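Written out below as structure tokens is the structure these notes cover.
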Amino acid sequence: MALLQIAEPGLSTAPHQHRLAVGIDLGTTHSLVATVRSGAATVLPDETGFNLLPSVVRYAPDGLVEVGHIARAHQSDDPANTIVSVKRFMGRGLKDVVAPADLPYRFATTPGMVQIHTRAGVKSPVDISADILRTLKTRAEAHLGGELIGAVITVPAYFDDAQRQATKDAAQLAGLNVLRLLNEPTAAAIAYGLDNASEGTFVVYDLGGGTFDVSILRLTRGVFEVLATSGDSALGGDDFDHRIYCWMLETAGLSQLSATDTRRLLTHARTAKEALTDQLEAPIITPLSDGRVVNLTLTQAIFHAITRTLVEKTLVPVRKALRDAQLRPEDITGVVMVGGATRMPKIRRTVSAFFQQPPLTNLDPDQVVALGAAIQANVLAGNKAEDDWLLLDVLPLSLGIETMGGLTEKIIPRNSTLPTARAQEFTTFKDGQTAMVVHVVQGERELVEDCRSLAQFTLRGIPPMVAGAARIRVTFQVDADGLLSVSAREQTTGTEARIEVKPAYGLDSTEVTRMLTESLTHVREDIDARKLREAQVDAEGLIATTEAALAVDGDLLNAEERAVVDAALAAAHHAKAGNVTAAINRAIGGLNEATGEFAARRMNRNLQQVLTGQNIRNL
């Protein structure tokens, strides 16, 4: 009897050719790894049956690196060497860390990304995250019985370029091939099966341990189009824990705690928060190192009172995303809840009241992101036809370069669909300029000083020309992971310079939400500031051109005419220093008027010099 091979539509007809790929949710509190088996996504447990891997790493005295549950057991008795919530430090400098004095770590004072002193040496968030990813990789390969060809790793939608690159670096250290960095809200939408005949506009409300994202997706015939995204990269369940911790200090009259006591109280704060998910109150009883005993009871009412502002804070990005997508709450088909922090009853009630419908909670909010990443990994590995559905993600913040006067010229606006590429032409400011510095920035403000610096590079070899003659084409390319490359090319010679934007971690950055809020709050003054800078640049260029012309052809003016030009030139200098846009524009107009006849005489002289001795028939 012949054997017939059966395969699901769209799947490989040769199971032995199935390529091993996984989806990884590298979370603030917990991390997970998932894969697709027999056409269904499933989370892979550890040897004891636990799906969730606590995102905790301990550097033990015996030189071993402990990850997960065994590490978390030591977070109170060995806090300086047991690192929790490391995701909040990814791509951040020490000055970006909220309340570092309340954390039990010994931070290094070195520039760049946060560095933590441990008994195993100085560790960066990339090193620590790599230890977590390495554990998940080992778990996956043990389950699947072979080497992974790659992984899709999820990141918050509002992770900036530094944070995304840090995540990729951590994966590389762990020996993982990153197939794609996938935004967590998009992964959640995939996991919910919204690709299976579901159509409409959905909101993904993702409140994790350390970050908050909200994305609005339109699903049409298998196309996932992200309409808008917003969020806060420094808002999550950890902040609710910290509010409980502060309430404990105030209520019990505690101060000047040791690192061990601080970690112990933060651990009990998290436990109490989780208990209130299905209880009206939670006891907090723990001894301190000085012999005192904390004995408190946290009720639902107290918890709601001390965290009310945090809950309301999550609605700010929601409203912002709706406004960007030009939608109202009643236009939303469904709301997907993602992240362990969404288990809090107050969060669910708030979301339900805002959208006037119960949120979708039928999948475990802790697992949903990893499951979606696994489905995407299965597609990218070639185990399923990629044209089954299409992901269209967006850029969370505008990208551009600095122009004269410290102005931001936006080349790719925020909420542009990824991947994307855009180009724009620029020119030189001064005569004979042979080089140009390209300063890449990210943000919504009009002035460079109010945006985040990402990278700088220099284009050299520009032919010496008069100002404004050179043509430099600057091209921005953002890949599907949200990572950026920039090139600058001088059009006549083909001279080119480019850079893969791998930012110096820990630049003076602020949270994305604050950047967007400020861009709206300061819109009027930003416009005024831009007008002033543009006027100053115009004045500077005209002054420089006039002075250069006078130095060469000043003899074309008599004493009276020269006095008029000098007076207009002095007025332009004075106005430029005065920081009044209208006055500068008047001075520019006056200087143009005063030099009009002079410019005409210069043109006649130049024409005479060119034509002298020439036969008209030979021209």
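Using this note's numbering, read the sequence shown as starting at 500 and increasing by one per residue.
The C-beta atom is built at its ideal place from N, Cα and C for all residues, glycine as well.
These numbers were taken from a predicted model, which means no experiment stands behind them.
Separation of Glu-1039 and Glu-908 (C-alpha to C-alpha, rounded to the nearest whole angstrom) is 19 Å. At the C-beta level, Ile-715 and Leu-706 stay beyond 7 Å of one another. Where Asn-1084 is concerned, the enclosing alpha helix (DSSP H) starts and stops at 1080-1093. When DSSP states are grouped into helix, strand and coil, Ala-607 belongs to the coil group. In the DSSP assignment, the residues bridged to Lys-622 are Ile-615.
Rounded to whole angstroms, the Cβ separation of Pro-599 and Gly-730 is 23 Å, and the two are not in contact under 8 Å. With contact defined as three or more Cβ pairs closer than 8 Å, the stretch 960-980 and the stretch 920-932 are in contact.
With fewer than 16 other beta carbons inside 10 angstroms of its own, Met-1102 counts as exposed.
Judged by DSSP secondary structure, Met-747 falls within the alpha helix (DSSP H) whose first and last residues are 736-751. Counting along the chain, no alpha helix (DSSP H) covers Pro-918, and no H or E run does either. Counting C-beta pairs closer than 8 Å gives fewer than three between the stretch 572-586 and the stretch 541-551, which falls short of the contact rule.
Membership of Ile-784 in any alpha helix (DSSP H) is not indicated; the residue belongs instead to the beta strand (DSSP E) covering 780-786.
In the three-state DSSP reduction, Ala-922 falls in the strand class (E or B).
The straight-line gap separating the alpha-carbon atoms of Phe-588 and Gln-990 is approximately 42 Å. In this structure, Gln-941 and Asp-561 do not form a Cβ contact; the two beta carbons are roughly 44 Å apart against a cut-off of 8 Å.
A check of alpha carbon separations from Glu-1096 across Ala-1074, Val-1063 and Arg-848 identifies Val-1063 as the nearest.
A straight-line Cα-Cα distance of about 15 Å links Leu-779 and Ile-743.
Contact annotation: the stretch 675-689 touches the stretch 865-877, with at least three C-beta pairs closer than 8 Å.
Classified as exposed, Lys-594 has fewer than 16 neighbouring CB atoms from the shown chains inside 10 Å of its CB.
With at least 16 other beta carbons inside 10 angstroms of its own, His-767 counts as buried. Non-local beta-carbon contacts of Leu-795 in its own chain, meaning distances under 7 Å to residues more than five positions away in sequence, involve Met-747, Thr-750, Ala-751 and Ile-783 in chain order.
In this structure, the CA atom of Ala-1099 is about 11 Å from the CA atom of Leu-1106. If one requires a minimum length of 3 residues, the beta strand (DSSP E) runs lying completely within the stretch 637-716 are 649-654, 677-682 and 699-706, in chain order. When C-beta atoms of the stretch 629-638 are compared with those of the stretch 667-682, three or more pairs fall below 8 Å, so the two segments count as touching.
In this structure, Thr-832 lies near Phe-701, with their beta-carbon atoms less than 7 Å apart. Under DSSP, Met-935 takes part in a beta bridge, and its partners are Leu-958. A check of alpha carbon separations from Arg-717 across Pro-684, Asp-760, Leu-734 and Ala-733 identifies Pro-684 as the nearest.
Excluding residues up to 5 positions away in sequence, Val-564, Asn-580, Thr-617, Arg-618 and Ala-619 lie with their Cβ nearer than 7 Å to the Cβ of Tyr-558 in the same chain. In this model, Met-836 and Asn-550 are separated by some 19 Å (Cα to Cα). In this structure, Ala-1082 is the residue among Gly-904, Leu-1068 and Ala-1082 with its C-alpha nearest to the C-alpha of Ala-1074. Within a 10 Å sphere around the beta-carbon of Gln-825 sit fewer than 16 other beta-carbons, which makes this residue exposed. Within 10 angstroms of the beta-carbon of Gly-526 lie 16 or more other beta-carbons, which makes it buried. Taking Arg-818 as the centre and dropping the five residues before and after it, the same chain places no C-beta closer than 8 Å to its C-beta. Assigned with DSSP and collapsed to three states, His-1073 falls in helix. Around the beta-carbon of Val-597, fewer than 16 other beta-carbon atoms lie within 10 Å, marking it exposed.
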